[in-house]
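Enquirer:
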Amino acid sequence: MIGTVRALFTIVALVGLSLPLIPVQIVLNRLDHPRKRRLPVFWHRCAARLIGLRITVEGDMAGERPLLITANHVSWLDIVALSACGPLSFIAKQEVLHWPAFGYLAKLQRTVFVNRERRSATGDKADEIARRLQAGDVMVLFAEGTSSCGSYVLPFRSALLGAPQRAAGPQSPVFIQPVALAYTHLNGMVTNLSDRPFTGFYGDTDLAPHLFAILKHAAIDVTIRFNEPVAIAADSDRKSVARHLEDTVRLMKTEALRR
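Just so we're aligned, residue 36 is where the sequence shown starts under our numbering, counting upward by one.
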């Protein structure tokens, strides 16, 4: 009963937070104002507190530009956690655009939606991502191409690194920073193999029930670990770069879960 009341209160609070800020973000986007990158950071930090998402950050977001962040993917909570760290936008599958509320908020955060089933559309989106990187936007790519239960890291898809290669010039590489997310505690208790899937939004999980279940809990702890960025050039071996990023993220995640 207490959990249900808490979830309903959190939903009302999130709506109250969003309603006055949405028109402001719309105007900032249309005016191409620099603060269009900062307002989502404020929203996500407030949302994290309301949800009970306690974020521990180890390391720093790289200062090099252009910058692409590659991270493992566990849940929609990843969006809140990463966005609270600083100004950034995401690369997401086309289906996210049609999620209730989430799709619209993602659009306001200037997410690039990719239809991976249409090769021609994927090429156009790669060009758009390249332009965004060159313009100084920090983009986040979940390089596994899907989400998991949170206990392991899936293989990174090297094909998804095509966009940063397009943005790289002969003497100006794009920097890719590996980042690991690990959900370490649930209501103050260390997570294990049996309860880590609770935070995971994967497979055939329905959004609404998962959202409500998350909001019923008092606290979820997530550790975000930033590693050193690597440079990728137009002629770099994408498979080698993807393997390095995958190995780095897997090691960071494993270390975070063992603490």
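Glycine is no exception: its CB is placed at the ideal position from the N, C-alpha and C atoms.
So, does the region 73-81 touch the region 238-248, judging by three or more C-beta pairs under 8 angstroms?
Expert: No contact exists between the region 73-81 and the region 238-248.
Enquirer: Can you round the beta-carbon distance between glycine 94 and alanine 253 to whole angstroms, since I take them to be within the 8 angstroms contact cut?
Expert: Translated into the one-based positions of the sequence shown, residue 94 becomes position 59. Translated into the one-based positions of the sequence shown, residue 253 becomes position 218. At roughly 27 angstroms, the Cβ-Cβ gap does not stay under 8 angstroms, so glycine 94 and alanine 253 are not in contact.
Enquirer: List in chain order: all unbroken alpha helix (DSSP H) runs of 4+ residues lying wholly within the region 102-173.
Expert: Listed in chain order, they are 112-118, 137-143 and 154-169.
Enquirer: Given a cut-off of 8 angstroms on the beta-carbon distance, is the pair alanine 297 and leucine 286 in contact?
Expert: Coverage of the chain is limited to positions 36 through 294, which leaves residue 297 absent and any answer about it impossible.
Enquirer: Tell me which residues share the same chain as glycine 171 and place their Cβ nearer than 6 angstroms to its Cβ, disregarding the 5 neighbours each side in the sequence.
Expert: Numbered from its first residue, the sequence shown carries residue 171 at position 136. Once the five neighbours on either side are set aside, the close Cβ partners of glycine 171 are Arg100.
Enquirer: Taking C-alpha atoms, which residue in Leu292, Ala202 and Ser183 lies nearest to asparagine 107?
Expert: Numbered from its first residue, the sequence shown carries residue 107 at position 72. Checked all of Leu292, Ala202 and Ser183; the closest Cα to asparagine 107 is Ser183.
Enquirer: Helix, strand or coil: how does DSSP classify methionine 36 here?
Expert: As a first step, residue 36 must be located in the sequence shown, where it is residue number 1. Coil, per DSSP.
Enquirer: Can you check the region 61-98 for any alpha helix (DSSP H) of at least 4 residues that lies completely inside it and give the ranges in chain order?
Expert: Listed in chain order, they are 74-86.
Enquirer: Starting from alanine 202, follow the alpha helix (DSSP H) in both directions and report where the run begins and ends.
Expert: For the purposes of this step, residue 202 is taken as the residue at position 167 of the sequence shown. Per DSSP, alanine 202 belongs to the alpha helix (DSSP H) from 197-202.
Enquirer: Is it true that the CB of valine 214 sits closer than 8 angstroms to the CB of isoleucine 259?
Expert: By one-based count along the sequence shown, residue 259 stands at place 224. By one-based count along the sequence shown, residue 214 stands at place 179. The answer is yes: Cβ separation under 8 angstroms.
Enquirer: Mind the definition here: the region 222-239 touches the region 180-198 only if three or more C-beta pairs lie below 8 angstroms; say whether that holds.
Expert: Taking 8 angstroms as the limit for Cβ pairs, the verdict is that the region 180-198 does touch the region 222-239.
Enquirer: Does the Cβ of leucine 103 have 16 or more other Cβ atoms within 10 Å, making it buried, or fewer, making it exposed?
Expert: One-based indexing of the sequence shown puts residue 103 at position 68. That one is buried.
Enquirer: Count the other CB atoms within 10 Å of the CB of proline 55; is the residue buried (16 or more) or exposed (fewer)?
Expert: In the sequence shown, the residue the question calls residue 55 occupies position 20. Per the 10 Å Cβ criterion, exposed.
Enquirer: Between which two residues does the beta strand (DSSP E) carrying valine 214 extend?
Expert: The residue you call residue 214 lines up with position 179 of the sequence shown. 209-221 is the extent of the beta strand (DSSP E) around valine 214.
Enquirer: What does DSSP give as the partner residue(s) for alanine 266 in the beta ladder?
Expert: For the purposes of this step, residue 266 is taken as the residue at position 231 of the sequence shown. DSSP output for alanine 266 lists Phe210 as bridge partner(s).
Enquirer: On the criterion of 16 or more Cβ atoms from any shown chain inside 10 Å, does threonine 226 qualify as buried, or is it exposed?
Expert: The sequence position of residue 226 within the sequence shown is 191, counting from 1. Per the 10 Å Cβ criterion, buried.
Enquirer: According to DSSP, is valine 257 part of a helix, a strand, or is it coil?
Expert: If you number the sequence shown from 1, residue 257 lands on position 222. Of the three classes helix, strand and coil, the one that applies to valine 257 here is strand, per DSSP.
Enquirer: Taking the CB atoms as reference points, tell me whether valine 149 and lysine 128 lie closer together than 8 angstroms.
Expert: What you label residue 149 is simply residue 114 of the sequence shown in a count that begins at 1. What you label residue 128 is simply residue 93 of the sequence shown in a count that begins at 1. Taking 8 angstroms as the Cβ cut-off, valine 149 and lysine 128 qualify as a contacting pair.
Enquirer: Under 8 angstroms between the Cβ atoms of arginine 273 and leucine 196?
Expert: Your numbering for residue 273 matches position 238 in the sequence shown. Your numbering for residue 196 matches position 161 in the sequence shown. Yes, the pair counts as a contact, with Cβ atoms nearer than the cut-off.
Enquirer: Does the beta carbon of leucine 63 fall short of 7 angstroms from some heavy atom of the ligand ZN?
Expert: Only the bare structure without any ligand can be found here, which leaves the ligand ZN out of the picture.
Enquirer: Measuring straight from C-alpha to C-alpha, what distance separates valine 47 and glutamate 152?
Expert: The residue labelled residue 47 in the question sits at position 12 within the sequence shown. The residue labelled residue 152 in the question sits at position 117 within the sequence shown. Looking at the two C-alpha atoms, the distance is approximately 37 angstroms.
Enquirer: Are the Cβ atoms of valine 175 and isoleucine 126 separated by less than 8 angstroms?
Expert: Taking the sequence shown and counting its residues from 1, one reaches residue 175 at position 140. Taking the sequence shown and counting its residues from 1, one reaches residue 126 at position 91. Going by C-beta atoms, valine 175 is nearer than 8 angstroms to isoleucine 126.
Enquirer: Is the beta carbon of tyrosine 218 closer than 8 angstroms to that of arginine 201?
Expert: Taking the sequence shown and counting its residues from 1, one reaches residue 201 at position 166. Taking the sequence shown and counting its residues from 1, one reaches residue 218 at position 183. No, the Cβ-Cβ distance between arginine 201 and tyrosine 218 is not below 8 angstroms.
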